[in-house]
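Enquirer: At position 67 of the sequence shown (counting the first as 1) the number is 67 in the UniProt record's numbering, and the numbers step up by one without a gap.
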Amino acid sequence: MAIQSSRYRPSLIALHWLTLVLLAAVYATMELRGLFPRGSVPRDLMKTSHYFLGLAVFCLTWVRLGLRATGTTPPILPEPPRWQLLLARLVALALYALMLAMPVLGYLVLNAHGVAPSLGGWSLPVLFEPGPELGGQLEAWHEGIATAGYWLVGLHAAAAIYHHHVRHDDTLVRMSLRG
Numbered sequence: 001m002a003i004q005s006s007r008y009r010p011s012l013i014a015l016h017w018l019t020l021v022l023l024a025a026v027y028a029t030m031e032l033r034g035l036f037p038r039g040s041v042p043r044d045l046m047k048t049s050h051y052f053l054g055l056a057v058f059c060l061t062w063v064r065l066g067l068r069a070t071g072t073t074p075p076i077l078p079e080p081p082r083w084q085l086l087l088a089r090l091v092a093l094a095l096y097a098l099m100l101a102m103p104v105l106g107y108l109v110l111n112a113h114g115v116a117p118s119l120g121g122w123s124l125p126v127l128f129e130p131g132p133e134l135g136g137q138l139e140a141w142h143e144g145i146a147t148a149g150y151w152l153v154g155l156h157a158a159a160a161i162y163h164h165h166v167r168h169d170d171t172l173v174r175m176s177l178r179g
């Protein structure tokens, strides 16, 4: 009988915290772009950084999902109530959906505005005829889901802190950088 670890694998822990850093940078680039005038080099740099950081989150999320699929999730000790486990799964699912959907939606926003982003000199295709109405709608969805992302990340962090300081279980320790 194999002994199950009480911690996530080091690769998943590293990817979890790297994803957090990248998500913070994704949000920061969009929040900070408003400090610069439209058409300026710094503003364009913020937008370009936002695209590449979003793509990095998208790719890392697929790697994380692959690693999660090939391993087991360590149990929380002591085990929390069933409703908390269900809520944790729903929030994790929502976060993964957000990290996969937002870069795709961002790409569609660019397409709707007639922009074909390039990756290292290779231009990605424009998938449909540009249109300002569609572009505005897609952009509104992108921004609305991004706002929901703030709440989801906040809920995720608050739950980890609650489990650590109130319930005194190992939820936070399982994903801690400290071994």
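Note that the Cβ used here is the ideal one computed from N, Cα and C, for glycine as well. Computed from a predicted structure; not experimentally measured.
1) Would you kindly work out how many angstroms separate the C-alpha atoms of HIS168 and GLU139, rounded to a whole number?
2) Classify HIS165 as buried or exposed, calling it buried when 16 or more other Cβ atoms lie within 10 Å of its own Cβ.
3) Do you know whose CA, among LEU124, ALA14, VAL91 and PHE128, lies nearest HIS156's CA?
4) For VAL41, count the other beta carbons within 10 Å of its own beta carbon; 16 or more makes it buried, fewer makes it exposed. Which is it?
5) Does LEU53 come out as helix, strand or coil in the three-state DSSP assignment?
6) Measure the Cβ-Cβ separation of SER6 and PRO74 and say whether it is below 7 Å.
7) For GLY106 and TYR51, which I take to be in contact (beta-carbon distance under 8 Å), what is that distance rounded to the nearest angstrom?
8) If the criterion is Cβ atoms closer than 7 Å, does the pair ASN111 and LEU87 meet it?
9) Which residues in the same chain as PRO78 place their Cβ atom closer than 6 Å to its Cβ, once the five residues preceding and following it in sequence are excluded?
10) So LEU172 and ALA158 are in contact, right, with Cβ under 8 Å, and what is the actual spacing, rounded?
11) If you draw a straight line from the alpha carbon of LEU55 to that of LEU18, how long is it in whole angstroms?
12) How would you label TYR150, buried or exposed, when you count the other beta carbons within 10 angstroms and need 16 or more for buried?
13) Using 7 Å as the threshold, is the C-beta distance between LEU134 and LEU60 below it?
14) Look at the alpha carbon of HIS163 and the alpha carbon of ILE76, and state the distance between them as a whole number of angstroms.
15) Go through its chain and collect everything with a Cβ distance to SER11's Cβ below 7 Å, but skip five positions before and after it.
16) Can you give me the start and stop residues for the alpha helix (DSSP H) that SER11 sits inside?
17) Using a Cβ-Cβ cutoff of less than 8 Å, which residues in the same chain neighbour LEU100 once the five nearest sequence positions on both sides are dropped?
18) So MET46 and LEU32 are supposed to be a Cβ contact under 8 Å. How far apart are they, rounded?
Expert: Short version:
1) 42 Å
2) exposed
3) VAL91
4) exposed
5) LEU53: helix per DSSP, three-state reduction.
6) yes
7) 7 Å
8) Not closer than 7 Å, so no.
9) ASP169
10) Not quite, the Cβ-Cβ distance comes to about 11 Å (not below 8 Å), so this is no contact.
11) 14 Å
12) exposed
13) no
14) 10 Å
15) Closer than 7 Å at Cβ, skipping near neighbours: LEU67.
16) 10–32
17) PHE58, THR61 and TRP62
18) The distance from the Cβ of MET46 to that of LEU32 is about 6 Å, consistent with a contact at the 8 Å cut-off.
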